[in-house]
Amino acid sequence: MSTAIDTGRSTAAGPKKAKLSDRARGERSLGWKLAGPAFLVMLFVTLYPIVYAIYLSLFNYRLTDPTGRRFVFLGNYVTALGDPLFWQAFVTTFIIVIVTLIFELILGMGIAMVMNKIVIPRRTLRTVVLIPYSIITVVSAFSWLYAAKFDTGFFNHWLNFFTFGAWDLNYDWFGGRWSSLLIICLSEIWKTTPFMSLLLLAGLAQVDSAQEEAAKVDGATWWQRLTKVILPNMKAALMVAVLFRTLDAVRIYDNPYVMTGGANKTLTLSMLVGTETIDRVEIGMGSALAVILFLIVLIIAFIFVKLFKVDLTGGRN
Amino acid sequence: MTESAITGVDPDESSGRAHQAEAASFGGVLMKVAGYAAMVAVLLLVAAPLFWIVITSIKERPDIYTQPAQWWPSPPTADGYKAATTDIEFWSYFKNSLIITTILSIAKIVLGVLSAYALSLLRFPGRTIIFVIVIAALMVPNQITVISNYALVSQLGWRNTYQGIIIPLAGVAFGTFLMRNQFLSVPGEIIEAARLDGAGPMKLLWRVVLPMSWPTLIAFSIITVVNEWNEYLWPFLMSDDARTGTLPVGLTQLQNNDGITNWGPVMAATVLAMLPVLIVFLALQRHMIKGLTAGAVKG
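The listed protein sequences correspond, in order, to chains A and B.
The end of the first sequence is residue 317 by the numbering used here, with every number in the run present.
The end of the second sequence is residue 616 by the numbering used here, with every number in the run present.
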């Protein structure tokens, strides 16, 4: 594709050189005019806070005791990384990330494909599937909490019914780490799979249906068509969906906060940052944890880019 | 599903054209059945908790805690809705949410599309650096930004103001990234043809690039509207009361109103809070289908 454009340009360049450089000049100023505002907002609301957080993370600084502020260099980081609670939160976070991502990807792809193919109740289907996404996270967490609680919910009753009474009606889902995590993951999957399928659907729409037909005529199986034609053609959309869901899931906060408040070893990294800065007002330590979280996210993004062999900053081809 | 796939390519059957057609149509039917079965299963899974929310919102208070759980309220009541809209200043929260979401969504979509266009199809110095910064911004956890933005906004005296809530949330890393990828996937031949026809950069964006990017733009818009509508932490920190507080803030107030959660009003408020997003979605959905067919014609 790029060669086609390049040759087109070079042939046009001869006679119309002056005009082209005009265009280039116009593009330069227009480029800055269009990207500039977004860039400035970004610098103001993101870059500056990061620099500020890194600066704060080097101090032992408690909001209630401003005079006791002390420069400790990397002391906060050493303390944080030496704390078993940090590693526990780290493991919990990644269990949630991996489990939800796998299920969301498979379900999201399935739903996107069904939405792409099915004609009759398409509009209703798309609307219904996307409803959970429109529910406020805090509230969806509340409703799952309510449904899973043994004194108000229906989970135990359903399980009791479907196992012909073998399931304990008073099973406490929030009494242990794994059952709590299961409910957290379930509600997270329920809530965000629509997001996944929406992004994947936009990608699916760009797969050339003629190519798929051709593969079908050539006798490719359903699985072959999926893995050899559909998925490679929507690689960009797939990558964006996976990357964003991962980055979002790593920062999971509202959901476990409502469900368990971090009890039974369900504390996530994001909640750890929250308790340090908001509850304990240890701004220095909280900032250090936030910076660590940021670095983890950066590392994940880096691994994804390498794994998918996608050049995030790259231009055409 | 696998069964149909196997039948579709069975080497014995592929010998005769008639056989193949038959197998394909049989496979097609199976696929359709499997597709509809999957659809029904998904609908049920999605619908059950939703049904539960709606039912709880019209239950009388004692019924909410009855065991075994009732699947139909007897009799249904509007008390939950009455409480949800009177216990807190519901309509005030609602109005704030509406204003903040509208302004933020428009700002984000405009900024996102324009910056993505510049970063994908225009050549100018500093382009790569800007884009690297945009990507880096995507990775920033909001716990980081909250600390310093809070200090900054407080110093400006912007707490309990709309601008105090809106401006720190107006960064658009996600939209820029998503739309840029989309714009890059528009075939270069078409762009070059439009340029040769004398289309300026803005005309190129409006008439060529954007119309070819409808599905992604709609997806981006829906995601933006939903995210802004659901934003919790920042509006919560920025507003002390119903003057600027948004619906999620109001909802948690409703939840904490009397120590114990009163599920009826909370669920009623949930249903009410869900409606605007649903309307937006229904409105945009039509265009999404148009976009999808446009995308299919592309090749």
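Where a beta carbon is used, it is the ideal one built from N, C-alpha and C, also for glycine.
Just so you know, these numbers come straight off a predicted model, no measurement behind them.
Taking buried to mean at least 16 other C-beta atoms within 10 Å of its own C-beta, is residue i buried or exposed?
i                : result
Lys376 (chain B) : buried
Lys425 (chain B) : buried
Trp369 (chain B) : buried
Pro485 (chain B) : buried
Gly68 (chain A)  : exposed
Ser29 (chain A)  : exposed
Lys191 (chain A) : buried
Phe294 (chain A) : buried
Pro256 (chain A) : buried
Asp218 (chain A) : exposed
Ala358 (chain B) : exposed
Leu74 (chain A)  : exposed
Ile423 (chain B) : exposed
Leu85 (chain A)  : exposed
Phe494 (chain B) : buried
Gln480 (chain B) : exposed
Ile446 (chain B) : exposed
Val346 (chain B) : exposed
Asp254 (chain A) : buried
Phe161 (chain A) : exposed
Ile353 (chain A) : Missing from the structure shown is residue 353 (chain A); chain A here goes from 1 to 317 and no further.
Gly82 (chain A)  : exposed
Ile596 (chain B) : exposed
Gly474 (chain B) : exposed
Residues in the same chain with beta-carbon distance under 6 Å from residue i, minus the five sequence neighbours each way, listed in chain order, please.
i                : result
Asn233 (chain A) : Val207
Lys17 (chain A)  : Because the pLDDT at Lys17 (chain A) is just 48, under 50, the model does not fix this residue reliably, and the point stays unresolved.
Asn170 (chain A) : Phe150
Ala487 (chain B) : Ala424
Ala215 (chain A) : Arg225, Val229
Tell me, to the nearest whole angstrom, how far the beta carbon of residue i is from that of residue j; I am working on the premise that it is less than 8 Å.
i                : j                : result
Glu213 (chain A) : Ile230 (chain A) : The Cβ separation is near 12 Å, so there is no contact.
Thr268 (chain A) : Ala89 (chain A)  : 6 Å
Ile461 (chain B) : Ile50 (chain A)  : 6 Å
Gly31 (chain A)  : Phe441 (chain B) : 3 Å
Tyr410 (chain B) : Ala559 (chain B) : 6 Å
Leu571 (chain B) : Asp396 (chain B) : With a Cβ gap of about 14 Å, Leu571 (chain B) and Asp396 (chain B) do not count as contacting.
Leu63 (chain A)  : Phe71 (chain A)  : No, Leu63 (chain A) and Phe71 (chain A) are not in contact; Cβ-Cβ is about 17 Å, not under 8 Å.
Leu247 (chain A) : Val297 (chain A) : 6 Å
Using a Cβ-Cβ cutoff of less than 8 Å, which residues in the same chain neighbour residue i once the five nearest sequence positions on both sides are dropped?
i                : result
Val525 (chain B) : Val503, Ile507, Ile508, Ala511, Ala516
Val363 (chain B) : none
Ala263 (chain A) : Phe174, Ser180
Phe500 (chain B) : Ala433, Tyr434, Ser437, Leu438, Val526, Ser530
Asp557 (chain B) : Arg476, Asn477
Taking 7 Å as the limit between beta carbons, can you name the residues of its chain near residue i, skipping five residues before and five after?
i                : result
Thr277 (chain A) : Ile283, Gly286
Glu339 (chain B) : Its pLDDT being 48, under 50, Glu339 (chain B) is placed unreliably in this model, and the value from its coordinates should be taken loosely. The answer is none, since no qualifying residue turns up.
Val350 (chain B) : none
Pro194 (chain A) : Val129, Leu130, Pro132, Tyr133
Ala202 (chain A) : Ala237
Glu104 (chain A) : Ile189, Thr192, Thr193, Met196, Arg245
Please say whether residue j and residue i have beta carbons closer to each other than 9 Å?
i                : j                : result
Val240 (chain A) : Ile300 (chain A) : no
Ala147 (chain A) : Pro366 (chain B) : yes
Tyr549 (chain B) : Val99 (chain A)  : no
Ser465 (chain B) : Tyr48 (chain A)  : yes
Met259 (chain A) : Trp144 (chain A) : yes
Leu125 (chain A) : Ala536 (chain B) : no
Arg378 (chain B) : Asn547 (chain B) : no
Ala590 (chain B) : Met42 (chain A)  : no
Ile482 (chain B) : Thr563 (chain B) : yes
Ala290 (chain A) : Pro552 (chain B) : no
Thr127 (chain A) : Leu599 (chain B) : yes
Phe142 (chain A) : Thr587 (chain B) : yes
Ala288 (chain A) : Tyr55 (chain A)  : no
Ser538 (chain B) : Leu592 (chain B) : no
Gly581 (chain B) : Ser374 (chain B) : yes
Gly492 (chain B) : Leu421 (chain B) : no
Sorry if obvious, but does the Cβ on residue i come closer than 8 Å to a heavy atom of the ligand GTP?
i                : result
Ala148 (chain A) : For the structure depicted, the ligand GTP is absent and the ligand set is empty, with no information on it obtainable.
Inset, instruction - For the stretch 98 to 132 of chain A, enumerate the residues whose C-beta is nearer than 7 Å to any C-beta of chain B, in chain order. - result: Gly110, Ile111, Val114, Lys117, Ile118, Arg123, Leu125, Arg126, Thr127, Val128, Val129, Leu130, Ile131, Pro132
Inset, instruction - Give the residues from the stretch 28 to 50 of chain A that approach chain B closer than 9 Å (Cβ to any Cβ), ordered along the chain. - result: Residues Arg28, Ser29, Leu30, Gly31, Trp32, Lys33, Leu34, Ala35, Gly36, Pro37, Ala38, Phe39, Val41, Met42, Leu43, Phe44, Val45, Thr46, Leu47, Tyr48, Pro49, Ile50.
Legend entry - Residues within the stretch 425 to 436 of chain B neighbouring chain D, beta-carbon criterion of under 8 Å: Of the protein chains in this structure, namely A and B, none is chain D.
Inset, instruction - Note down, in chain order, all residues in the stretch 577 to 589 of chain B with a beta-carbon under 9 Å from any beta-carbon belonging to chain A. - result: Thr578, Trp580, Val583, Met584, Ala586, Thr587
Legend entry - Contact residues within the stretch 549 to 562 of chain B, judged by C-beta distance below 7 Å to chain A: Residues Tyr549.
Inset, instruction - Taking a Cβ distance cut-off of 9 Å, strictly less, list which residues of the stretch 453 to 466 of chain B are near chain A, in chain order. - result: Ala453, Ala454, Leu455, Met456, Val457, Pro458, Asn459, Gln460, Ile461, Thr462, Val463, Ile464, Ser465, Asn466
Inset, instruction - Give, in chain order, every residue of the stretch 346 to 367 of chain B whose Cβ lies closer than 9 Å to some Cβ of chain A. - result: Met348, Lys349, Gly352, Tyr353, Ala355, Met356, Val359, Leu360, Leu362, Val363, Ala364, Ala365, Pro366, Leu367
Legend entry - Contact list for the stretch 58 to 74 of chain A against chain B, Cβ threshold 7 Å: none
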